[in-house]
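Just so you know, we're using my numbering here: the sequence shown kicks off at 8 and counts up by one. Yeah, the Cβ is synthetic: ideal placement off N, Cα and C, and Gly gets one too. Every value quoted in this text rests on a predicted model; they were computed, and no experiment measured them. Below you'll find the structure, written out as structure tokens, and then a few comments.
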Amino acid sequence: MNFTYEPLTKKQIEDVHQATLDVLEKCGVEMCDERAHEIFKKHGATVEGNIIKIPPKVVEDCMKLAPRSFILDAANPDRSVNIGATDRPLIAPNATSPFIIDEEFKRRKVNFDDMRNFFKLSQSSSCVDIGGQLIVFPTDNCTYKEGVITAIYEYFLHMDKPMNLCSVDRNTIDMTMEMMHLLTEKEGGYPLFASLSPISPLRFDEELLDGLFYAAEKNQVMEVTPCSAAGLTGPITGIDNVVLTNAENVAMFTLIQLINPGLPVVYSTYTCITDMRTLQLCTGASESIKMCAMARQMAGYYEVPFDMPSGSTDAKNCDVQAALESTTAIMNAFAAKLDIAMFMLGSLDSFNSANYRKFILDEEIIKHVQAYIKPAKDMNIDKTVDLITEVGQHGTYVKHKNTLRNYRKEHSFPDFGVRSTYEEYVIENKDITQRIDDQLKKRMDSYVAPEIPEDKKVKMKEIFEKYID
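Laid out in structure tokens, this is it:
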């Protein structure tokens with residue numbers, strides 16, 4: 008099935024690339040790290056204070072070095088994924104939200120129980136391929152350090168899928184690598200991919216760059232996650248904003264390749280429009296999703312994997328708006344041929360909040376979209392004609408062996424959607440929220456933790472205590 012969305016023409020892609028080279032050469036980027044200054048100077052860039060102006064040849068030479076795909080390791084080797092080499096998006100849940108919107112429609116801080124619950128939902132989900140250190144960000148009665156370090160420890164207790172590291176510094180990189188080496192008994196490889204967010208427009212602060220240099224030293228994969236707000240911290244026009252996003256990605260990729268040639272990178276963007284009436288970031292807007300699809304084409308141009316948020320919404324509740332905006336984003340993830348689709352489950356409130364019901368709703372949307380885009384099977388003409396002729400004009404297919412043999416694999420079945428008669432629906436007397444809650448309880452009750460030998464659990468605790476002190 009040809010299910011493809013590519014908003015940019017070939018000429019527009021070339022124009023974005025050329026504009027990016029011009030921006031990096033004439034305007035430059037701000038990088039607050041002497042090591043970056045020295046590396047770029049060595050390769051012919053102009054450094055004026057913290058502003059680095061990069062020659063086009065340096066950029067283009069570096070962009071040829073990053074691989075198209077790489078293996079992201081999981082604690083369970085059977086769950087490792089080949090990023091950039093799949094025929095569908097690898098799906099990841101919500102990330103970094105410091106708030107929960109609860110069943111009473113009130114917003115509260117994330118606690119450690121919420122963190123564990125979202126790990127459990129993600130581990131047990133048939134949709135989720137990649138987890139995250141901070142599916143939700145614990146902020147209730149804990150320090151920043153306690154939140155990020157505890158999250159790594161609890162992640163590996165509750166999940167054995169590959170991990171996106173959202174809070175990137177020397178401690179979190181080292182701790183994650185130690186945990187993975189303990190659990191897999193394997194050195195090397197790529198046990199994490201680290202997300203680094205520039206400050207739009209065109210600024211890379213000291214903390215980000217320190218994490219970048221350390222990840223490069225440790226030979227770990229990085230992705231760039233610009234989040235410009237069109238009309239506020241980025242140009243108002245979509246294609247102009249893509250030039251900014253592209254420049255931020257390409258500048259960081261260039262630095263990474265100058266430090267560690269051939270290290271895998273992931274192109275990303277969290278860029279959205281700004282509602283100029285409220286000055287709020289709009290993650291669920293159609294134009295935001297379209298800009299991300301444009302950026303995906305630029306990643307394809309450079310032949311590097313691409314990641315974008317793909318289930319986000321500006322809705323403040325798990326309601327019709329949430330379903331509308333998330334469905335558009337999820338459809339786009341498949342149509343734009345993403346490599347990784349972050350934020351695909353459980354996100355509300357413009358990245359700021361997570362919601363349990365929304366996680367279950369998003370799973371159902373994903374399954375609907377997957378069933379819709381599944382290619383039609385080839386037909387055996389003789390067998391099809393024989394089947395229809397055998398049943399004839401007055402027969403039924405309901406008990407035919409062809410139906411009994413194939414119906415489970417031919418059709419998808421919703422987890423909570425209603426397909427009963429109206430009379431049965433009235434008798435059951437459960438609205439969609441109650442049905443989602445039933446499915447949520449079922450999922451939580453059926454969770455099974457990864458099997459970890461007791462001696463390794465003891466060592467995991469020791470690693471945690473070393474980094475939490």
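Check	Outcome
Can you tell me whether DSSP reads LEU331 as helix, strand or coil?	helix
Could you pull out every unbroken alpha helix (DSSP H) segment of at least 4 residues lying fully inside the segment 230-303, listed in chain order?	245-266
To the nearest angstrom, how far is it from the Cα of GLY238 to the Cα of SER295?	12 Å
Are the beta-carbon atoms belonging to THR290 and SER319 less than 8 Å from one another?	yes
As an exercise, report each continuous beta strand (DSSP E) stretch of at least 3 residues that is fully enclosed by the segment 100-157, in chain order.	106-108 and 114-116
Comparing C-alpha positions only, which one of ARG303, PRO460 and VAL257 sits nearest to GLY35?	VAL257
Excluding the 5 residues flanking LEU28 on each side, which residues of the same chain have their C-beta closer than 7 Å to its C-beta?	PRO63 and VAL66
Could you compute how far the alpha carbon of ASP326 sits from the alpha carbon of GLU370?	15 Å
Of the choices THR334, HIS418, ALA383 and LEU355, whose alpha-carbon is the least far from that of VAL143?	LEU355
Where does the unbroken alpha helix (DSSP H) through PRO63 begin, and where does it stop?	63-70
Three-state secondary structure (DSSP) at MET349?	strand
Distance, Cα to Cα, ASP167 vs PHE126?	10 Å
Are three or more beta carbon pairs between the segment 237-254 and the segment 206-213 nearer than 8 Å?	yes
Can you list, in chain order, the stretches of the alpha helix (DSSP H) that have 4 or more residues and sit fully within the segment 337-398?	363-380 and 388-398
Can you find the residues in the same chain that come closer than 7 Å, C-beta to C-beta, to VAL54, ignoring five residues on each side of it along the sequence?	HIS44, PHE47 and LYS48
From the DSSP output, read off the bridge partner residues of ASN171.	GLY139 and PHE200
At the level of alpha carbons, what is the spacing between ILE266 and PHE119?	37 Å
Roughly how many angstroms lie between the CA atoms of HIS146 and ASN57, to the nearest whole one?	In the sequence as presented, His is not what sits at residue 146; that position holds Thr. So the alpha carbons of these two residues sit roughly 33 Å apart.
Whose CA, out of VAL23, LYS17 and PRO74, lies closest to the CA of GLY245?	VAL23
Taking the Cβ atom as the reference point for each residue, do PRO96 and LEU447 lie within a distance shorter than 8 Å?	no
According to DSSP, is ASN89 helix, strand or coil?	strand
Does the Cβ of ALA92 have 16 or more other Cβ atoms within 10 Å, making it buried, or fewer, making it exposed?	exposed
When you compare the CB positions of LEU128 and ARG450, do they come within less than 8 Å of one another, or not?	yes
From this set, GLN25, ASP68 and ASP94, which residue's C-alpha is nearest PRO382's C-alpha?	ASP94
When DSSP builds the beta bridges, which residues end up paired with MET451?	Its beta-bridge partners do not exist; DSSP assigns none.
Can you look up LYS323 in the DSSP assignment and give me helix, strand or coil?	coil
GLU214 to ILE90, Cα distance in whole Å?	27 Å
Identify the residues that DSSP records as bridge partners of MET315: which are they?	ALA348
Whose C-alpha, out of PHE350, THR278 and LYS406, is nearest the C-alpha of ALA102?	PHE350
Specify whether the segment 132-142 and the segment 301-310 touch according to this definition: at least 3 beta carbon pairs, one from each stretch, less than 8 Å apart.	no
From LEU189, ARG123, ASP444 and ARG75, pick the residue whose C-alpha is nearest to that of VAL272; which is it?	ARG75
Could you tell me the boundaries of the alpha helix (DSSP H) in which PHE471 lies?	461-475
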